[in-house]
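Below is one structure, written out as structure tokens; comments come after it.
2 protein chains.
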Amino acid sequence: MSSPPIRLPAGVRDFLPRAAARRRSLAGRVMEVFEAWGYARIITPVFECADVLERGLGSDARASAIRFVEPGSGEVVALRPDITPQVARVVATRLADVEGPIRLCYEGAVTRLAGEAGQREILQAGIELVEAGEPAGDAEVLAVAAAALAASQLPETRLDLGHVAPARFVLGAAPDDAARARIAAALARKDRAGLKIAARTLAPAIAPLAEALVSLWGPAEPTLAKALALPWPTDVLHALERLRAVMVAFTELADHPAPPLTIDLGDLRGEGYYTGVRFAGYAAGAPEAVLRGGRYDELIGRYGRAARATGFAIDLEALAQAQRSLGQPLPASTAAVAVHGAGAPAFARALRAAGVRAVTASTAPTASWLRAAGFDSAALLDSRELVRADDTRRALDTADVRALVTFLQENPCPS
Amino acid sequence: MSSPPIRLPAGVRDFLPRAAARRRSLAGRVMEVFEAWGYARIITPVFECADVLERGLGSDARASAIRFVEPGSGEVVALRPDITPQVARVVATRLADVEGPIRLCYEGAVTRLAGEAGQREILQAGIELVEAGEPAGDAEVLAVAAAALAASQLPETRLDLGHVAPARFVLGAAPDDAARARIAAALARKDRAGLKIAARTLAPAIAPLAEALVSLWGPAEPTLAKALALPWPTDVLHALERLRAVMVAFTELADHPAPPLTIDLGDLRGEGYYTGVRFAGYAAGAPEAVLRGGRYDELIGRYGRAARATGFAIDLEALAQAQRSLGQPLPASTAAVAVHGAGAPAFARALRAAGVRAVTASTAPTASWLRAAGFDSAALLDSRELVRADDTRRALDTADVRALVTFLQENPCPS
């Protein structure tokens, strides 16, 4: 009988040491930013009762959740497609008595049903800021997003802002769902001609506003000025004024240099989930947004606490792939030495005590083994030689561990 | 219509900031130990094709795996109950051409069907050492286990060693499965009288060896000497000699002070999985073993590479609970300050640049808010006051951020 092949499910993968190091380093740096801004990390479970998790999911995320019957309890559970609803649940239940603002952050894998050839398991990190008002809360979250982008060390970062009010007003004015869907589709494609046709179903006063949405994107100040000059109803104008206030507060709060702000009032992503300012973060090397967030004042209420909130999630996998596509180097690691010969255990111990990774080797390591194992050097105590991963050799003073440590620090051997 | 209650599935939980900080700190310290010993971290997926994962699971783990049909592909997948088979798969496939020894480590959540009221999601970390021989490989893995126990900062740690050979010989001599099961059950209970009865089914030369197993546990040297004095067949005696060689090599390799070694030749856990030396680690505050490992020379072969291997996994949750039950303090964190008043953004930025966690607050924070949020202090710039989480107040020189940082470092406010 032939056994089935060794394979992974579509959309999930292993990360070998180099790829894992890049991802762990990014996760560590992003979490350091979150903590520097006073966000406290929580850990939530990989799966939850599906009905509980789904209370807090937007329609997209709900459709992409992987559900199954958990054999132990017979309950329908779902692998989390998003961590935000879990944080909302924690805030509304276990932290019900804690007054805001509450600042929480997380990092972990989320799982989604694959669309096309997409990844199903995604490493993400994010923050949630609960019960901080507008514009200060929105500006703080944006400032943290800017700092997280900076920590990724990717060039050409940019934060793209929007507000749900203008598009919601236009979509709400559509006569029926079909008309609404056509307008939304044309907007999502930034299809000016298509939108002109779809907008014919709107009242004559509203159609031009719908058509304007498709071009209300670009540098923040002029785009916002252009939007404010249009005949929106009062509540939309107020929303746009609040967006401007968020931009001003962001400039005050953010670490320098802050990434440039752009605006896109036609971006409908997360429509039905966000309730105010929303934003996305971009960087060179990443074809899509690497982070998305915004205000969702109704989410925590679905778990029983009327609390306004805002936050964002950053896609660590997208950051890692962008770093790689730009040829950015792997995070530096401390030197690693394989020690062979009489006295190897004590020599390796002394190296570890000095902050150098070290093991003993029962046979003399070759340069090709060093490269494959990610080690810089082999210390051959019997022949008093240091063999390096680049195949060079030099004399080794086995009585002077300190000198070896200094040499390794000053002469890293790229592995 | 009343909606179903907000609840978590049995056996999974959230970790709030303090609990999460303890677990992250433990995970970080244990992973640092693994990396210091030259182990490279890999990341493997949360679920895999069930038939692939199960190749590498012992019978216990196979019974505890949560399986479900993955809706995207229609494949039966399983949440990983153990990461070792994933590492074995990676070594046999993507690292097929890499010569040993290969040193890999991991950290992540594993999921198991709940036995009784047990936890289903367990945070664990571990190492695998591939193609390192006996006794050096076993001794190295034991030495890393000792260092990981030391990193947990728990007192009264101990490593308990065994070898599968003696019990396997006795169980292999049983006339049938029922007799074998009775002997195994009595051994697992260390039930001397029960074993005496169960051993009656064995040949007269073997029954006394079975009975001896129940008392072959205790301090390493005398227990091993007692075992070696019994009339075992040659291969069992050789196995016990190799166990002694592992102990000697461990003493050479391990960081000082090494935890004491004990021996238990009647421990059957992992029987059918391990193929040589096996061990468990214990610490004060933990009722059960906090780590388990050993040699499993047949595992990687199940994925198509004939490679001997040894390793262990450490239960981070058990370490965290032991720390807590002993009243050990939470990991120290840097000071956190909420800044209120004119100039707050720049003041908070200066604090962050100096390594202090800092945010702006739009209302003046109270001491009770500080405590709940895990902040030490509020800097009130308008009234030039520092309010601390313990409700004390002091004057604040708003022009001297450096002095504030020094004060906070020298006067931590327990939160």
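Here the protein sequences line up with chains A and B, keeping their order. Here my numbering is used: position 207 in the first sequence is 207, and no number is missing along the way. Going from the second sequence to my numbering is simple: count from 1 and add 1000. Beta carbons are placed, not taken as given, at the ideal position from N, Cα and C, and that holds for glycine. Model, not experiment: these values are computed from the prediction.
| Asked | Found |
| --- | --- |
| Pro4(A): contacting residues in chain B (beta-carbon distance under 7 Å) | Asp1051 |
| Residues near Leu1243(B) in its chain [Cβ-Cβ closer than 7 Å; skip 5 each side] | Leu1161, His1163, Leu1224 and Val1277 |
| Cβ contact check for the segment 317-328 of chain A and the segment 383-399 of chain A: 3 or more pairs under 8 Å | no |
| Residue nearest to Leu291(A) in terms of C-alpha spacing, selected from Trp217(A), Ser368(A), Leu149(A) and Pro259(A) | Leu149(A) |
| Distance between Trp232(A) and Asp176(A) (C-alpha atoms, nearest Å) | 21 Å |
| Residues within the segment 1218-1249 of chain B neighbouring chain A, beta-carbon criterion of under 9 Å | Ala1249 |
| Backbone CA spacing between Gly285(A) and Ile263(A) [nearest angstrom] | 21 Å |
| 9 Å Cβ cutoff met for Gly58(A) and Gly272(A) | yes |
| Contact check, Phe1015(B) vs Leu1142(B), beta carbons under 9 Å | no |
| Any C-beta of chain A under 9 Å from that of Arg1324(B) | no |
| Distance between Ala280(A) and Ala361(A) (C-alpha atoms, nearest Å) | 50 Å |
| Nearest neighbour of Ala1136(B), chosen from Val1248(B), Pro1071(B), Ala1210(B) and Phe1169(B) [CA to CA] | Val1248(B) |
| Cβ-based burial, Gln86(A) [other Cβ within 10 Å; buried from 16] | buried |
| Beta-carbon proximity check, Glu99(A) vs Trp1369(B), cutoff 9 Å | yes |
| Buried versus exposed call for Asp267(A) [16 or more other C-beta atoms within 10 Å across all chains shown] | buried |
| Test item: CB-CB of Arg1024(B) and Gly1056(B) under 9 Å | no |
| Proximal chain A residues relative to Tyr1303(B), where beta-carbon distance stays under 7 Å | Ile6 |
| Contact set for Ala207(A): own chain, Cβ-Cβ below 8 Å, skip 5 residues either direction | Ala199 and Arg200 |
| Three-state secondary structure (DSSP) of Gln1409(B) | helix |
| Host alpha helix (DSSP H) of Trp1369(B) (start-end) | Ala1367 to Ala1373 |
| Endpoints, beta strand (DSSP E) assigned at Arg278(A) | Val277 to Tyr282 |
| C-alpha distance - Glu410(A) paired with Ala1019(B), whole-angstrom precision | 40 Å |
| Neighbourhood of Ala96(A) by C-beta, 7 Å cutoff - its chain only, sequence neighbours within 5 removed | Arg305 |
| Glu1107(B): first and last residue of the uninterrupted beta strand (DSSP E) it sits in | Ile1102 to Thr1111 |
| Alpha helix (DSSP H) segment containing Gln321(A), residue limits | Leu316 to Ser325 |
| Nonlocal neighbours in the same chain, by C-beta distance under 8 Å from Gly1118(B), ignoring five residues either side | Gly1011 and Arg1112 |
| Pro1085(B), enclosing alpha helix (DSSP H) - first and last residue | Thr1084 to Ala1092 |
| For Leu253(A), the nearest candidate out of Val1359(B), Pro1331(B) and Glu1298(B) (CA to CA) | Val1359(B) |
| Residue of Pro1204(B), Ala1203(B) and Ile1183(B) minimising C-alpha distance to Gly1194(B) | Ile1183(B) |
| Residues of its chain near Thr1334(B), where Cβ-Cβ distance is below 7 Å and the 5 sequence neighbours each way are ignored | Gly1355, Val1356 and Arg1357 |
| Close beta carbons around Leu213(A), own chain, < 7 Å, minus the five adjacent residues each side | Pro166, Ala167, Val170, Leu187, Leu265 and Gly266 |
| Chain A contact residues for Asp1255(B), given Cβ-Cβ distances below 7 Å | Arg349 |
| Other residues of its chain near Ala313(A): CB distance less than 8 Å, five sequence neighbours each side excluded | Asp82, Ile83, Thr84, Gln124, Ala125, Gly126, Leu291, Arg292 and Gly293 |
| Residue-chain proximity (Ser368(A), chain B), Cβ-Cβ < 9 Å | yes |
| Alpha carbon of Ile102(A) to alpha carbon of Val236(A), nearest angstrom | 28 Å |
| Nearest neighbour of Val1378(B), chosen from Ala1050(B), Pro1222(B) and Ala1338(B) [CA to CA] | Note that residue 1378(B) corresponds to Ala in the displayed sequence, not to Val. Among Ala1050(B), Pro1222(B) and Ala1338(B), the Cα nearest to that of Ala1378(B) belongs to Ala1338(B). |
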